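Protein chains: 2
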Amino acid sequence: MDDQKSGQVKPHQNRVHQFRVCALCVCSPGVVRGRRAHQGGRPVAVRGRRALQQALLLAVVTPSAGLSLDTVREFLTREEDTIVFSLIERARYPLNRPAYDPIHLGDGDGPGRRLNASFAELFIRESEAVQAKAGRYQSLQESPFFAYRVPFTLAPPYNFTRELYPAAAFVNVNDAIWSLYFNELLPLLAKNGDDGNYAVTVDSDLACLQVLSRRINYGRYVAEVKFKGDQQTYASLIQAKDRDALMKLLTSEAQEDVVKRRVEKKATVFGQSITSDGPIETGVNNSSGTTFKVDPSVVYKLYDQWVIPLTKQVEVEYLLHRLD
Amino acid sequence: MDDQKSGQVKPHQNRVHQFRVCALCVCSPGVVRGRRAHQGGRPVAVRGRRALQQALLLAVVTPSAGLSLDTVREFLTREEDTIVFSLIERARYPLNRPAYDPIHLGDGDGPGRRLNASFAELFIRESEAVQAKAGRYQSLQESPFFAYRVPFTLAPPYNFTRELYPAAAFVNVNDAIWSLYFNELLPLLAKNGDDGNYAVTVDSDLACLQVLSRRINYGRYVAEVKFKGDQQTYASLIQAKDRDALMKLLTSEAQEDVVKRRVEKKATVFGQSITSDGPIETGVNNSSGTTFKVDPSVVYKLYDQWVIPLTKQVEVEYLLHRLD
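So the protein lines, in turn, are chains G and Z. Reminder that position 183 of the first sequence reads as 183 in the UniProt record's numbering, one-by-one numbering, no gaps. Reminder that position 221 of the second sequence reads as 221 in the UniProt record's numbering, one-by-one numbering, no gaps.
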């Protein structure tokens, strides 16, 4: 009740846990085993898999012709546009608070009341379940917020390239993303108000969550590329479990500054009002009184405080499992 | 089979028909009655409703404080941004042809094979069903591509303002939008290729379809505002069923030209590659060799050939039912 009163969105026990699958959780088997169960329907002998991984220590696992520092950077840069678009779209709608609070669900003994879940959580669960059935999570680039064990009966078959080291591929920080999105970011994006368009509103929340999850958890790919580029250095730090040294090795403040300034500029450019003949805003300086659909400084803050630190957290955790 | 061979996406018999509910269709009762059945769960006595509508001839029906020519224009201008964003997002992915062809569905006797429906159609059906359950179509601004009769058990209750004339509110051109999107627009947006990300790709198709549907079918609101602004003129043309004169009265070529140039400019601004320090493109002239994520001329064409003509078609059809 305290969480409800304070407007805080509490991670639900059935959500996929960050970093590892909780032994107590009803959703286990979690991301890795759940996803693997989809692939051909064969259960994986975990003990045998681990032995194989030991043998592959430091070896290149299913090398992808496509994965390089350049392609990784290109992907992350393109994701910035999608993130800014999705935030601008969410900002179209008022806060619509009843969508986020279990006490505002309709009468009766619906699933929301039974689970003590908000409309937003129910909607995201059901939407993700359809997407799971459609094979969205066959691609390791996509990590669901909730665990699903549905066969992907809808999807045409496709063999995805495996670019991640299997024992580390499960790493994700979706719980942290869920929490930061609803508790920190959303109040900065949406104006107070209630227009009743809860389904459309929460659908746009889901779009934000999905791209933030894909972008931040892409840290696994970043780490894989960096690891491959300097295996000896990384291996010694991983074996020493030296988180701080790994974090330092992964950090480039100059590059992070470029990214933060670029996303702020994207918010300025994509969030301006465009007329068929008028001038186009070219700077991030808002002294002219121009209003943007999303405050560019919020997007700067999103990257500065959450996207970049969480991505590096994913990178470190991935690396710590890279020799498992 | 001819349709499959030619790559044409065929409207499915169970989709909501444009303009009226087909008596043969398994989906009937259609949009109006289907939606009304949701609202409180009470069946509507159609004959009694018609008698009431006759009595309300020329009367103002549930006047909305918010609906005016200014608010309508503002809405349509804002939708342009959403349309351009959604097209840019779809253009991220290759064409992914297997997603659109029933013969590419997996082995077995799945729902796609039974319905002779593509993965795209199945995915959109299931996603829309979740959104119907979540109350998306309580708002008359949203028109589903398929009909659903699910109670919206997920959604918190909300009383929407009714801004449309009930007997004309069902008008929509979703069949035409479905067809133009898959057969005309998509091949102009997406490059050939197949990366297997069918769920993500078709999810972005759905986003395009939903905003195009909302934008084009918003013609009902445009028509309502114009009707209220000059009831005598419109009433005489409606009673004479003079489509041509109505179309002429609704057309402003100068205004349409402004809109087409503005959306082309939006595609230029939102679809450029932005660096933290580089210049920002300010013109629609592409002679500098700049590449955009979606060709701005495609967005011009979209509005010129489809969005504007279809919107006016919706306006005329709405008006022809405005005195029913």
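C-beta: ideal position from N, C-alpha, C; glycine also. Quantities reported herein were computed from a predicted structural model and do not represent experimental measurements.
- request: State whether the segment 163-173 of chain Z contacts the segment 306-316 of chain Z, with contact taken as three or more CB pairs (one from each stretch) at a distance under 8 angstroms.
  value: Yes: the two stretches touch, three or more of their Cβ pairs being nearer than 8 angstroms.
- prompt: Can the beta-carbon of residue 87/Z be found less than 8 angstroms from the beta-carbon of residue 189/Z?
  reply: To locate residue 87/Z, count along the second sequence from 1; it is residue 87. To locate residue 189/Z, count along the second sequence from 1; it is residue 189. In contact: residue 87/Z and residue 189/Z (Cβ atoms closer than 8 angstroms).
message: Could you check whether residue 204/G and residue 80/G sit closer than 8 angstroms to each other, using their CB atoms as the reference points?
response: Mapped onto the first sequence, residue 80/G falls at position 80. Mapped onto the first sequence, residue 204/G falls at position 204. It is not a contact, given that the beta carbons lie outside the stated cut-off.
- prompt: If the cut is a Cβ gap below 7 angstroms, which residues of chain Z does residue 258/G touch?
  reply: Here residue 258/G corresponds to residue number 258 of the first sequence, with the count starting at 1. The answer, in chain order, is 276.
task: Along the alpha helix (DSSP H) that carries residue 260/G, what are the first and last residues, could you check?
output: By 1-based counting over the first sequence, the position of residue 260/G is 260. Where residue 260/G is concerned, the enclosing alpha helix (DSSP H) stretches over 253-270.
message: What residue range does the alpha helix (DSSP H) around residue 245/Z cover?
response: Taking the first residue of the second sequence as 1, we reach residue 245/Z at position 245. Note, residue 245/Z: alpha helix (DSSP H), 243-250.
- prompt: Okay, do the segment 264-275 of chain Z and the segment 291-302 of chain Z touch, 3+ Cβ pairs below 8 angstroms being the bar?
  reply: Touching, yes, given that three or more Cβ pairs across the two stretches are closer than 8 angstroms.
query: Got a sec: which bits of the segment 130-158 of chain G sit with their beta carbon under 9 angstroms from any beta carbon on chain Z, in order along the chain?
result: 130, 131, 132, 133, 134, 135, 136, 137, 138, 139, 141, 142, 152, 153, 154, 155, 156, 157, 158
query: List, in order along the chain, the chain G residues whose C-beta lies closer than 8 angstroms to that of residue 182/Z?
result: If you number the second sequence from 1, residue 182/Z lands on position 182. Correct list: empty, because the minimum Cβ distance to chain G is about 16 angstroms.
query: Where does residue 51/Z land, buried or exposed, given buried means 16+ other C-beta within 10 angstroms?
result: Position 51 of the second sequence holds residue 51/Z. Here the model assigns residue 51/Z a pLDDT of 37, short of 50, so the residue's position is not dependable, and the following value carries that caveat. Counting Cβ neighbours within 10 Å, residue 51/Z comes out exposed, since fewer than 16 surround it.
- prompt: What do you reckon, are the CB atoms on residue 223/Z and residue 318/Z nearer than 8 angstroms?
  reply: As a first step, residue 223/Z must be located in the second sequence, where it is residue number 223. As a first step, residue 318/Z must be located in the second sequence, where it is residue number 318. Contact: yes.
query: Looking only at its own chain, which residues have a Cβ that is under 6 angstroms from the Cβ of residue 132/Z, when we skip the five neighbours before and after it?
result: Numbered from 1 along the second sequence, position 132 holds the residue referred to as residue 132/Z. Same-chain partners within the cutoff: 148, 150.
- request: Tell me whether the beta-carbon of residue 169/Z lies closer than 8 angstroms to the beta-carbon of residue 209/Z.
  value: Taking the first residue of the second sequence as position 1, residue 169/Z is located at position 169. Taking the first residue of the second sequence as position 1, residue 209/Z is located at position 209. It is not a contact, given that the beta carbons lie outside the stated cut-off.
query: With distances taken between CB atoms, is the gap from residue 146/Z to residue 154/G smaller than 8 angstroms?
result: Taking the second sequence and counting its residues from 1, one reaches residue 146/Z at position 146. Taking the first sequence and counting its residues from 1, one reaches residue 154/G at position 154. No.
message: Does residue 248/G pass the burial test, meaning 16 or more other C-beta atoms within 10 Å, or should it be called exposed?
response: Position 248 of the first sequence holds residue 248/G. With fewer than 16 other Cβ atoms within 10 Å, it is exposed.
query: Mind checking if residue 197/G is an interface residue toward chain Z, Cβ cutoff 8 angstroms exclusive?
result: Residue mapping note: residue 197/G aligns to position 197 of the first sequence, counting from 1. By this cut-off, residue 197/G is an interface position.
field: Same chain only: Cβ atoms within 6 angstroms of residue 192/Z, ignoring 5 sequence neighbours per side
entry: Working through the second sequence from its first residue, we reach residue 192/Z at position 192. Only 95 meet the Cβ criterion.
Reduced DSSP secondary structure (H/G/I, E/B, other) of residue 174/G: If you number the first sequence from 1, residue 174/G lands on position 174. Helix at residue 174/G.
query: Quick one: is residue 215/Z near chain G, going by C-beta distance under 8 angstroms?
result: Here the question's residue 215/Z lines up with position 215 in the second sequence. Judged by the 8 angstroms Cβ criterion, residue 215/Z is not in contact with chain G.
query: Taking just the CA atoms, how far does residue 232/Z sit from residue 121/G?
result: Against the first sequence, residue 121/G aligns to sequence position 121. Against the second sequence, residue 232/Z aligns to sequence position 232. The alpha-carbon atoms of residue 121/G and residue 232/Z are separated by roughly 50 angstroms.
query: What is the DSSP secondary structure of residue 155/G, reduced to helix, strand or coil?
result: Taking the first residue of the first sequence as 1, we reach residue 155/G at position 155. Here residue 155/G sits in coil by DSSP.
Span separating the alpha-carbon of residue 91/G from that of residue 275/G: Within the first sequence, numbered from 1, the residue matching residue 91/G stands at position 91. Within the first sequence, numbered from 1, the residue matching residue 275/G stands at position 275. Each residue's Cα considered, the two are about 20 angstroms apart.
Among 84/Z, 136/Z, 200/Z, nearest to residue 300/Z - alpha-carbon criterion: As a working mapping, residue 300/Z is identified with position 300 in the second sequence. Among 84/Z, 136/Z, 200/Z, the Cα nearest to that of residue 300/Z is on 84/Z.
- prompt: Would DSSP call residue 168/G helix, strand or coil?
  reply: Mapped onto the first sequence, residue 168/G falls at position 168. The answer is helix: DSSP assigns residue 168/G an H, G or I state.
Unbroken alpha helix (DSSP H) run spanning residue 210/G, endpoints: Here residue 210/G is taken as the residue at index 210 of the first sequence, counted from 1. Segment 198-217, the alpha helix (DSSP H) holding residue 210/G.
message: So with CB distances below 7 angstroms, who are the chain G contacts of residue 82/Z?
response: Start at 1 with the first residue of the second sequence, and residue 82/Z comes out as number 82. Simply 89.
task: For residue 305/Z, count neighbouring Cβ atoms within 10 angstroms of its own Cβ and tell me buried if that reaches 16, exposed if not.
output: For the purposes of this step, residue 305/Z is taken as residue 305 along the second sequence, with counting starting at 1. Residue burial annotation: residue 305/Z is exposed, with fewer than 16 other C-beta atoms found within 10 angstroms of its C-beta.
query: How would you list, in chain order, the residues of chain G whose beta-carbon sits under 8 angstroms from the beta-carbon of residue 126/Z?
result: Here residue 126/Z refers to the residue found at position 126 of the second sequence. Near residue 126/Z (Cβ distances below 8 angstroms), the residues of chain G are 130, 133, 134, 154.
- request: Identify the contact partners of residue 262/Z in chain G, using a Cβ-Cβ distance below 9 angstroms as the criterion.
  value: Translated into the one-based positions of the second sequence, residue 262/Z becomes position 262. Neighbours of residue 262/Z on chain G, chain order: 274, 275, 276, 277.
message: For residue 119/G, would you say it is in contact with chain A, using Cβ-to-Cβ distances shorter than 8 angstroms as the test?
response: This model lacks chain A altogether, as its protein chains are G and Z.
Cβ neighbours of residue 292/Z in the same chain (closer than 7 angstroms, five flanking residues each side left out): Taking the first residue of the second sequence as 1, we reach residue 292/Z at position 292. Correct list, in chain order: 267, 268, 271, 272.
Under 7 angstroms from the C-beta of residue 98/G: neighbouring residues of chain Z: By 1-based counting over the first sequence, the position of residue 98/G is 98. Result: 156.
field: First through last residue of the alpha helix (DSSP H) which encompasses residue 298/G
entry: Taking the first residue of the first sequence as position 1, residue 298/G is located at position 298. Looking at the DSSP string, the run of the alpha helix (DSSP H) that includes residue 298/G is 296-301.
field: chain G contact residues for residue 295/Z, given Cβ-Cβ distances below 8 angstroms
entry: Locating residue 295/Z in the second sequence gives position 295, counting from the first residue. Neighbours of residue 295/Z on chain G: none; closest Cβ ~16 angstroms, over 8 angstroms.
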